[in-house]
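See structure below.
Protein chains: 2
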Amino acid sequence: MLSKSQIKLITKLKQKKYRLQHGFFVVEGIKTIQELLQSKLTLYTLFTTETFNIDAKDEVLITETELKRISFLTTPNKALAVFKIPKPKPINTTGLILALDAVRDPGNLGTIIRLCDWFGITDLVCSNETVDCFNPKVIQATMGSISRVNINYVDLVDFFNETNLPVFGAFMEGENVYTKQLPKAGVLVMGNEANGISKAIEAVITEKISIPRFGNLQATESLNVATATAILLSEFRRG
Amino acid sequence: MLSKSQIKLITKLKQKKYRLQHGFFVVEGIKTIQELLQSKLTLYTLFTTETFNIDAKDEVLITETELKRISFLTTPNKALAVFKIPKPKPINTTGLILALDAVRDPGNLGTIIRLCDWFGITDLVCSNETVDCFNPKVIQATMGSISRVNINYVDLVDFFNETNLPVFGAFMEGENVYTKQLPKAGVLVMGNEANGISKAIEAVITEKISIPRFGNLQATESLNVATATAILLSEFRRG
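As you go down the protein sequences, you meet chains A and B in turn. Mapping the first sequence onto UniProt numbering, position 67 (from 1) lands on 67, and the numbers just tick up by one. Mapping the second sequence onto UniProt numbering, position 141 (from 1) lands on 141, and the numbers just tick up by one.
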């Protein structure tokens, strides 16, 4: 059974300000929930139409109609879990770090978090203008990777001014990434979907790189930020 | 002014069966429409709130309220164009071809078409189970690339049986793509979001390849199909 206050809390968690206020975020879908239950994240309450056989005090059995009332999805998927937002760890500056300058699309951020997980990027640093990583659409796209990547929201200019790492940024006129020597430790910056890397960040980039285009002159001007990130992380890791 | 029959036609074009029946598809957003007007695609009618200064018989000036009635978007973007669906050209089998085995998500297909355009892949071959490339959400994600990639829907098994090209497929247990010699001509097959490459197609794959994972053992099982396609096309092209 769902209480009114539970419905109210969950509905609020769609919005960033309430996620920050309450310190909770919502996860939907059996597979992702199961994966997160096995992670270091802390469950607050699981609302589900079928028991997960976890501690009874953490689980609330609900009907499909009740799930529809609280779900953020058009087609709810059997369970909805509320987890505690973890406190981010300090940024580990010994390896390759990915930094995002105002990435706005939740699907893109979710895909990028999954890429970090795949390529063993432990630290993702987001500008304060980047979409919140606990946005339900981001969580949906991460497929469970959210628990394995340390994500900090910071003032990127301050962060770059404090680090001695080389800072790589993707630009149309940068050096060919396929022939450039790439280091094991450094920061790769990816920019906003429409505007790319901002002027303020461009000023602190030490190495401009670019993915060569193979199409004809009329070809697309740019790649989607998530696919460009995929190619660049692959280049840094392939050695 | 919009006529009732125009509203009815456009609304129908949301569905694949009516797109096939009428031979038209819908494009929204000024930038993409402008790009497609300069392509080899044929415009049927442009419905717009601001003139594009094209041949008056091709342009219908409408109000924002009228645009809202016909738009497929939550936030309509000044214009909606109806273009003729082009007849695909025969598949060019002299270079690198990308084949999709039941990719279902419109956003993924759109991103993949944009990747083909970037990497100069002239031919995309889709299984009949793959989402229709003239689906409005696909068009939205292609950012204009739809006019520059030749897309055929075929029975993939028949197509592979008729070709002498090496057929590469992405599998978890495939050969490391970073160290494998990749040819200039061949087919790369990408599978369905949830199930990967189907058994029937697996049987005709001549080379299994894989993108190495760098995360720890608990890391994500797989990459999103669009990001995996980005990395593999980049590997084929980088030489």
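Ideal Cβ positions, reconstructed from N, Cα and C, are used throughout, including at glycine. Keep in mind that this is a model prediction, so the values were computed, not measured.
Under the rule that 16 or more other beta-carbon atoms within 10 Å means buried, what is residue i, buried or exposed?
{"i": "T220 of chain B", "result": "buried"}
{"i": "N195 of chain A", "result": "exposed"}
{"i": "A99 of chain A", "result": "buried"}
{"i": "I144 of chain A", "result": "Note on identity: in this sequence residue 144 of chain A is Gly, with Ile being the wrong assignment. So G144 of chain A ends up on the buried side."}
{"i": "A55 of chain A", "result": "At residue 55 of chain A the sequence reads Asp, which differs from the Ala that was named. D55 of chain A is exposed by the Cβ-count criterion."}
{"i": "residue 241 of chain A", "result": "Here chain A covers residues 1 to 239 and nothing more, so residue 241 of chain A does not appear."}
{"i": "E162 of chain B", "result": "exposed"}
{"i": "G110 of chain B", "result": "buried"}
{"i": "N128 of chain B", "result": "exposed"}
{"i": "N108 of chain A", "result": "buried"}
{"i": "N216 of chain B", "result": "exposed"}
{"i": "residue 250 of chain B", "result": "Look at the range of chain B in this structure, 1 to 239, and you will see that residue 250 of chain B is not part of it."}
{"i": "G239 of chain B", "result": "exposed"}
{"i": "G95 of chain A", "result": "exposed"}
{"i": "P136 of chain A", "result": "buried"}
{"i": "N53 of chain A", "result": "exposed"}
Just to check my reading of the structure: residue i and residue j have Cβ atoms closer than 8 angstroms, yes? What is that Cβ distance to the nearest angstrom?
{"i": "L80 of chain B", "j": "L67 of chain B", "result": "6 angstroms"}
{"i": "Q140 of chain B", "j": "E28 of chain B", "result": "7 angstroms"}
{"i": "E235 of chain B", "j": "V177 of chain B", "result": "5 angstroms"}
{"i": "L41 of chain B", "j": "V26 of chain B", "result": "Not quite, the Cβ-Cβ distance comes to about 12 angstroms (not below 8 angstroms), so this is no contact."}
{"i": "R148 of chain B", "j": "D117 of chain B", "result": "5 angstroms"}
{"i": "L20 of chain B", "j": "F83 of chain B", "result": "Not really, about 14 angstroms apart at Cβ, beyond 8 angstroms."}
{"i": "V125 of chain B", "j": "I97 of chain B", "result": "6 angstroms"}
{"i": "P88 of chain A", "j": "N152 of chain A", "result": "5 angstroms"}
Return the chain-ordered list of same chain residues with a C-beta closer than 8 angstroms to the C-beta of residue i, the five sequence neighbours on each side being excluded.
{"i": "E173 of chain B", "result": "K208, S210"}
{"i": "N92 of chain B", "result": "T122, D123, N150"}
Starting from the C-beta of residue i, find all residues in its chain whose C-beta is less than 6 angstroms away, skip the five residues before and the five after it, and write them out in chain order.
{"i": "I205 of chain A", "result": "V167, G169"}
{"i": "I10 of chain B", "result": "I70"}
{"i": "R237 of chain B", "result": "F119"}
{"i": "S39 of chain B", "result": "S147"}
{"i": "I30 of chain A", "result": "K78, A79"}
{"i": "residue 264 of chain A", "result": "In the structure as shown, chain A begins at 1 and stops at 239. Residue 264 of chain A is therefore absent and cannot be evaluated."}
Establish whether the CB of residue i and some CB of chain C are separated by less than 8 angstroms.
{"i": "A79 of chain B", "result": "Although the question refers to chain C, the structure presented lacks it and instead comprises the protein chains A and B."}
Between which residues of its own chain and residue i is the CB-CB distance below 7 angstroms, once the five residues before and five after are set aside?
{"i": "E50 of chain A", "result": "K78"}
{"i": "G23 of chain B", "result": "K84, I85"}
{"i": "F134 of chain B", "result": "R19, F25, I85"}
{"i": "L43 of chain B", "result": "L37, D58, A81, F83"}
{"i": "R213 of chain A", "result": "A219"}
{"i": "T142 of chain B", "result": "G110, I113, R114"}
* To do: Give, in chain order, every residue of the region 132 to 144 of chain B whose Cβ lies closer than 9 angstroms to some Cβ of chain A.
  => Listed by position along the chain: A141, T142, M143, G144.
* Asked: If we count Cβ pairs, one from each stretch, closer than 8 angstroms, do we get three or more for the region 222 to 229 of chain B versus the region 224 to 236 of chain A?
  -> Using a C-beta cut-off of 8 angstroms, the region 222 to 229 of chain B makes contact with the region 224 to 236 of chain A, since at least three inter-stretch Cβ pairs fall below that distance.
* Meets three-Cβ-pair contact criterion under 8 angstroms: the region 63 to 80 of chain A and the region 165 to 182 of chain A -> Too few Cβ pairs lie closer than 8 angstroms, so no.
* Stretch-stretch touch, CB-based, cutoff 8 angstroms, three pairs: the region 104 to 122 of chain B with the region 72 to 88 of chain B -> No contact exists between the region 104 to 122 of chain B and the region 72 to 88 of chain B.
* What are the residues of the region 178 to 205 of chain B that lie near chain A, defined by any Cβ-Cβ distance shorter than 7 angstroms? -> The region 178 to 205 of chain B vs chain A, Cβ under 7 angstroms: Y178.
* If contact means a Cβ-Cβ distance below 9 angstroms, which residues of the region 86 to 98 of chain A contact chain B? -> Answer set for the region 86 to 98 of chain A: empty.
* Asked: For the region 220 to 239 of chain B, which residues have a beta carbon sitting closer than 9 angstroms to at least one beta carbon of chain A?
  -> Under the 9 angstroms Cβ criterion, the region 220 to 239 of chain B contributes T220, E221, S222, L223, N224, A226, T227, A228, T229, A230, I231, L233, S234, E235, R237, R238, G239.
* Asked: Using Cβ-Cβ distances below 7 angstroms, what residues of the UniProt domain "MRM3-like substrate binding" (5 to 81) of chain A are close to chain B?
  -> Within the UniProt domain "MRM3-like substrate binding" (5 to 81) of chain A, no residue places its CB atom closer than 7 angstroms to a CB of chain B.
* Can you list, in chain order, the residues of the region 109 to 126 of chain A whose Cβ is nearer than 7 angstroms to any Cβ on chain B? -> For the region 109 to 126 of chain A, the residues whose beta carbon sits under 7 angstroms from a beta carbon of chain B are, in order, T111, R114, L115, D117, W118, F119, G120.
* **Positions along the region 159 to 176 of chain B whose CB lies within less than 8 angstroms of some CB in chain A** => Those would be none; no residue qualifies.
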